[in-house]
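Heads up, the thing below is written out as C-alpha cells.
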Amino acid sequence: MTDKASHRGLLLWLLLPGLLALGVSFVMPMLWLLRASFSTSAFGGPNGEWTLANYSTVIFDPFYWRVATNTLTYGLSVTFFAVLLSYPIALFLTRTTSRWRGLLTALAIAPLLTSGVVRTYGWMVILGDRGVINGSLQALALTDAPIRLANNFLGATIAMIEILMPYAILAILSGLGRLNAQLEEAAAMLGANRFKVFWRIILPLSLPGVLTAALLVFVLAISGFVTPRLMGGGRVFVLGTEVFSEATVTLNWPLAAALALLLLIIFSSVIILYRRALRALEA
Amino acid sequence: MNQTSLLARWSWRLLITAIYLFLLAPILIVFIVSFDTRQYLAFPPESYSLGSYALVFQNATFIGAFWRSLGIGIVVGFGAVAIGTLLSLALTRHRFRGEGAVNFLVIAPFIVPNIVLGVGLVLVLANFGLLDTYPGIILAHLGVTIPYTVRTVSMSLSSVDRRVEEAAMVHGASPLKVFWRITLPLIRPGLIAGWVIAFLISFDETTISLFLVSVKASTLPTEIYRYLEYSTDPQIAALSVILILISLVVVIALERLIGLRKAV
Chain A
1 MTDKASHRGL LLWLLLPGLL ALGVSFVMPM LWLLRASFST SAFGGPNGEW
51 TLANYSTVIF DPFYWRVATN TLTYGLSVTF FAVLLSYPIA LFLTRTTSRW
101 RGLLTALAIA PLLTSGVVRT YGWMVILGDR GVINGSLQAL ALTDAPIRLA
151 NNFLGATIAM IEILMPYAIL AILSGLGRLN AQLEEAAAML GANRFKVFWR
201 IILPLSLPGV LTAALLVFVL AISGFVTPRL MGGGRVFVLG TEVFSEATVT
251 LNWPLAAALA LLLLIIFSSV IILYRRALRA LEA
Chain B
1 MNQTSLLARW SWRLLITAIY LFLLAPILIV FIVSFDTRQY LAFPPESYSL
51 GSYALVFQNA TFIGAFWRSL GIGIVVGFGA VAIGTLLSLA LTRHRFRGEG
101 AVNFLVIAPF IVPNIVLGVG LVLVLANFGL LDTYPGIILA HLGVTIPYTV
151 RTVSMSLSSV DRRVEEAAMV HGASPLKVFW RITLPLIRPG LIAGWVIAFL
201 ISFDETTISL FLVSVKASTL PTEIYRYLEY STDPQIAALS VILILISLVV
251 VIALERLIGL RKAV
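Top to bottom, those sequences are chains A and B.
The opening position of the first sequence corresponds to residue 1 in full-length UniProt numbering, with each subsequent residue numbered one higher.
The opening position of the second sequence corresponds to residue 1 in full-length UniProt numbering, with each subsequent residue numbered one higher.
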C-alpha cells in the first residue's frame with residue numbers, strides 16, 4: 001500500500017462512524033422532515049404524492065396565524081424579562097469583591113443543572129391555585145379566590161423566564177468580562193457619576209453580550225414545548241406545543257413537519273438578524 | 001457617605017437578592033414540598049416526613065425509567081466520545097476534500113431546535129422499526145451529543161504539543177502506539193469532560209425522547225413529564241430532589257477531576 005492510500009484508509013476509518021451516526025440521526029431526519037411536509041401521508045416514503053396543502057393550512061388557517069403570533073409574543077416577552085433580570089446579576093458578579101463570589105456565580109448558573117421539567121414543576125407548585133403564592137395570599141386573607149397565575153400564558157412566561165435566565169447570565173457575563181475596568185475609572189475621574197458611567201461606558205460596551213443573551217433566550221423560548229404545555233395547562237398554543245400535539249395526538253405528521261419547518265425558518269431568520277446586528281455593533 | 005448613595009447601595013442589594021430568590025425559587029420550593037406527606041399539592045406543608053421519598057423508591061415506573069436513563073446515558077457517553085474523538089482527529093490533524101462539509105455537519109445540529117429534529121427522527125426511525133427501542137433512542141441522543149464531544153475533544157487536541165508525538169514516532173513507535181500511549185493520555189481531560197457533558201445531556205433530554213419512546217424505552221424525564229400531565233403530588237418533588245443531588249455529585253466529581261473551568 002502506498003503512503004497516500006494508507007492515509008486515505010485511515011481518514012475513512014476516522015470519518016466513517018461519525019458520518020454514519022450523524023447521517024442517520026441528523027441528515028436523514030431533516031430530509032425526511034422536508035419530504036413529509038410536502039406529502040399527504042408521512043410514512044408513505046418517497047413514492048408518496050406531493051402537495052402544498054400542509055403549507056397552505058399553516059399559512060391560511062387563522063388558528064395557526066394565532067399560534068405564530070403567540071409564539072413571537074411569548075418569545076419576545078420571555079427574552080425581554082430574562083435579559084432585564086439577568087443583567088443586574090451579571091453586573092453584580094463581575095464587580096463584587098465578596099469572598100462568596102465563586103459560590104454566587106455557581107448559584108446563578110446552578111439551575112442549568114436542574115432539569116427544565118423539574119423547574120417547571122417547581123413553578124407549578126409556586127403559581128398553582130393552591131400553590132405558594134395563592135396559599136400565602138389566602139392565609140393572609142388578602143384574597144378569597146385563587147388568582148389565576150398558572151394554566152395560562154402568564155404562568156408559562158414566568159416559568160420560561162426563570163428557566164432560561166442562567167443562559168442569559170452566562171452570555172452577559174462573558175460580554176462584561178471583556179470590559180476594561182480602567183475605562184470606568186477614567187470616566188469617573190473625569191467627573192462622570194455612577195449612573196453616567198453605566199449609561200455611557202458599561203452598557204454600550206456590554207451590548208454584544210446582551211445581544212447574544214437575547215438570541216439564546218429567544219430561540220430556546222420559541223422552540224420549547226414542555227414548559228408552555230405543562231404551565232399552560234393545555235391553554236397555551238405556541239409552535240412547540242402545536243408541533244407536539246399534531247405529531248402525537250392528531251398524528252398529522254405532514255402538518256407537524258410543516259409547522260416544524262416554519263419554526264426552523266423563524267429560528268434561522270433570527271440567527272441571521274443577530275449576526276447582522278452584531279456586525280453593526282462591533283463596526 | 002451621604003444618604004442617597006447609601007439608599008442606592010441598599011436598593012441595589014435588595015434588587016440582587018430578589019432576583020436570586022426568583023432564580024432559585026423553584027428549586028427551593030421543590031425541596032420544601034418534597035417533605036410534604038399529603039397526596040395532593042398544597043402549600044405550605046402541614047407536616048413533614050420522608051413519605052414521598054419512600055413512595056418514589058417503591059414506584060416501579062420511576063425506578064425502571066431511572067435505570068434505563070442511566071444505561072442509555074452511559075452508552076451515549078462512551079459512543080459520543082469515541083465517535084467524537086475520531087471526528088476530531090480527522091478535523092484537526094488532516095486536510096481532506098469535503099472538510100468544510102464535515103465541519104458544517106458537526107455544527108448544524110446546534111442550530112436546529114430539538115423539537116424540529118424530534119419530528120424528523122420519528123419519521124426516519126419509524127421506517128427502521130426503531131421507535132421505542134434502545135438503539136433508536138441511543139442513536140437519537142448520539143446525534144445531539146456528538147457535536148459537543150467533537151468540540152471538547154478538539155479543544156484538548158489542539159493544545160497537545162505535536163513535538164511529543166513526533167519524538168515518540170522518531171523513537172520507533174507506530175502511529176497507533178503513539179495515539180494510545182501519548183495522545184490519548186494527554187487529551188484525557190477533554191475525553192472525560194465530553195463524556196460527562198454527553199451523559200448529562202442524554203440523561204436530561206426530554207423533547208426528542210418524548211417523540212421517540214413510549215413504554216419499553218421510556219426515560220426518566222419522559223416519565224416525569226407524563227406524570228406531571230395528570231398529577232402534581234409531592235412524589236415528583238422528592239424525585240426532583242434526588243435528581244438535583246445526583247447532578248450535584250456529578251458536577252462536584254467533575255470539578256475534582258479536571259476543574260469546571262476547563263470542562264465548560
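By construction, the Cβ of each residue, glycine as well, lies at the ideal position given by its N, Cα and C atoms.
Going along chain B in order, which residues have a C-beta closer than 7 Å to the C-beta of A/Gly18?
Here the neighbours are Ile83, Leu86, Leu87 and Ile146.
C-alpha distance - A/Ile163 paired with A/Ile169, whole-angstrom precision
Rounded to whole angstroms, A/Ile163 and A/Ile169 show a C-alpha spacing of 11 Å.
Buried or exposed: where does B/Asp161 fall if 16 or more other Cβ atoms within 10 Å of its Cβ makes it buried?
By the 10 Å Cβ count, B/Asp161 comes out exposed.
For the 8 Å Cβ check, are there 3 or more pairs between the stretch 141 to 158 of chain A and the stretch 226 to 239 of chain A?
Three or more pairs of CB atoms, one per stretch, sit closer than 8 Å, so the stretch 141 to 158 of chain A contacts the stretch 226 to 239 of chain A.
Relative to the C-alpha of A/Ala221, which candidate in A/Ile59, A/Trp50 and A/Leu76 has its C-alpha closest?
When each option's Cα is compared against that of A/Ala221, the closest is A/Leu76.
Using the Cβ count rule (16 or more neighbours within 10 Å means buried), how would you classify A/Leu19?
Around the C-beta of A/Leu19, 16 or more other C-beta atoms lie within 10 Å, and the residue is accordingly described as buried.
So with CB distances below 7 Å, who are the chain A contacts of B/Pro109?
Result: Phe26.
Pairing CB atoms from the stretch 255 to 272 of chain A with CB atoms from the stretch 177 to 186 of chain A, are three or more of them under 8 Å?
The stretch 255 to 272 of chain A, when compared against the stretch 177 to 186 of chain A, does not touch it at the 8 Å Cβ threshold.
To the nearest angstrom, report how far apart B/Asn103 and A/Glu282 are at their CA atoms.
Distance between B/Asn103 and A/Glu282, taken at the CA atoms: about 26 Å.
Excluding the five sequence neighbours on either side, which residues of its own chain have a C-beta within less than 8 Å of the C-beta of A/Pro228, listed in chain order?
The answer, listed in chain order, is Tyr74, Ala156, Met160, Val236, Val238, Gly240 and Thr241.
So which residues on chain B does A/Asn240 lean against when the C-beta distance must stay under 7 Å?
Looking at the sequence itself, residue 240 of chain A is Gly, so the reference to Asn does not match. Simply Ile115.
Reference A/Ser98, options B/Ser214, B/Arg13, B/Trp195 and B/Thr232, closest by Cα:
Here the closest residue by C-alpha is B/Arg13.
CA nearest to the CA of A/Val132, picked from B/Phe31, B/Ala65, B/Val76 and B/Ile224:
Closest option to A/Val132, Cα to Cα, is B/Phe31.
I'd like to know if B/Val153 contacts chain A, where contact means its C-beta is closer than 9 Å to some C-beta of that chain.
For B/Val153, not one C-beta of chain A is nearer than 9 Å to its own C-beta.
Find the nearest neighbour of A/Val219 within the set B/Val112, B/Ile16, B/Leu254 and B/Leu24, judged by alpha-carbon distance.
Minimum Cα distance to A/Val219 is reached at B/Val112.
Simplified DSSP state of B/Ser47, which is helix, strand or coil:
Coil.
Indicate whether B/Thr222 and B/Phe203 have their beta-carbon atoms separated by less than 9 Å.
No. Outside cutoff.
Ends of the alpha helix (DSSP H) at A/Ala106?
Annotation for A/Ala106: the continuous alpha helix (DSSP H) segment containing it runs Arg101 to Ile109.
Reduced DSSP secondary structure (H/G/I, E/B, other) of B/Ser174:
Three-state DSSP puts B/Ser174 in coil, outside helix and strand.
Does the stretch 247 to 255 of chain B touch the stretch 65 to 78 of chain B, meaning 3 or more C-beta pairs lie closer than 8 Å?
Touching, no.
Is the beta carbon of residue 284 of chain A sitting closer than 9 Å to the one on B/Leu212?
Here chain A has residues from 1 to 283 only, and residue 284 of chain A is not among them.
Range covered by the alpha helix (DSSP H) that runs through B/Asp161:
DSSP places B/Asp161 outside any alpha helix (DSSP H), giving it a letter other than H or E.
Could one say the Cβ of A/Arg279 lies closer than 9 Å to chain B's Cβ atoms, at least one of them?
No, A/Arg279 lies away from the interface with chain B (no Cβ there is under 9 Å from its Cβ).
Between A/Gly177 and B/Pro44, which are expected to be in contact by the criterion C-beta below 8 Å, what is the C-beta distance as a whole number of angstroms?
Taking 8 Å as the upper bound for CB-CB distance, A/Gly177 and B/Pro44 are not in contact here, some 41 Å apart.
Can you tell me whether B/Ser158 is buried or exposed, with buried defined as 16 or more other CB within 10 angstroms of its CB?
Exposed, since its Cβ has fewer than 16 Cβ neighbours within 10 Å.
Check for me: the alpha helix (DSSP H) holding A/Trp50 runs from which residue to which?
Note, A/Trp50: premise wrong, no alpha helix (DSSP H); not H, not E.
To the nearest angstrom, how far is it from the Cα of A/Arg101 to the Cα of B/Val33?
For A/Arg101 and B/Val33, the distance between alpha carbons rounds to 29 Å.
Using a Cβ-Cβ cut-off of less than 7 Å, give me the residues of the stretch 83 to 98 of chain A that come near chain B, in sequence order.
The stretch 83 to 98 of chain A vs chain B, Cβ under 7 Å: Leu85, Pro88, Ile89 and Phe92.
Whole-angstrom distance between B/Leu123 and A/Trp50, CA atom to CA atom:
Roughly 16 Å between the two C-alpha positions.
Shorter than 9 Å from the beta carbon of B/Ile201 to some beta carbon of chain A?
With a threshold of 9 Å between beta carbons, B/Ile201 makes no contact with chain A.
How is the alpha helix (DSSP H) around B/His88 delimited, first residue to last?
Residue identity check: residue 88 of chain B is Ser in the sequence provided, not His. Counted as a single uninterrupted DSSP element, the alpha helix (DSSP H) harbouring B/Ser88 occupies residues Ala60 to Arg93.
Against B/Gly73, what residues of chain A qualify as contacts under a CB-to-CB distance less than 8 Å, listed in chain order?
Correct list: empty, because the minimum Cβ distance to chain A is about 13 Å.
Span separating the alpha-carbon of B/Ile192 from that of B/Arg93
Between B/Ile192 and B/Arg93, the alpha-carbon positions lie close to 21 Å from each other.
Within chain B, the residues that A/Tyr121 reaches when beta carbons sit closer than 8 Å
Pro26, Val30, Ile224, Leu228, Thr232, Ile236, Ala237 and Ser240, listed in chain order.
Mind reading off the beta-carbon distance from A/Tyr121 to B/Thr232? Whole number of angstroms is fine, and I expect it under 8 Å.
With a Cβ gap of about 7 Å, A/Tyr121 and B/Thr232 count as contacting.
On the CB-based measure, 16 or more other CB atoms within 10 Å of its CB, does B/Ile236 come out buried or exposed?
Around the C-beta of B/Ile236, 16 or more other C-beta atoms lie within 10 Å, and the residue is accordingly described as buried.
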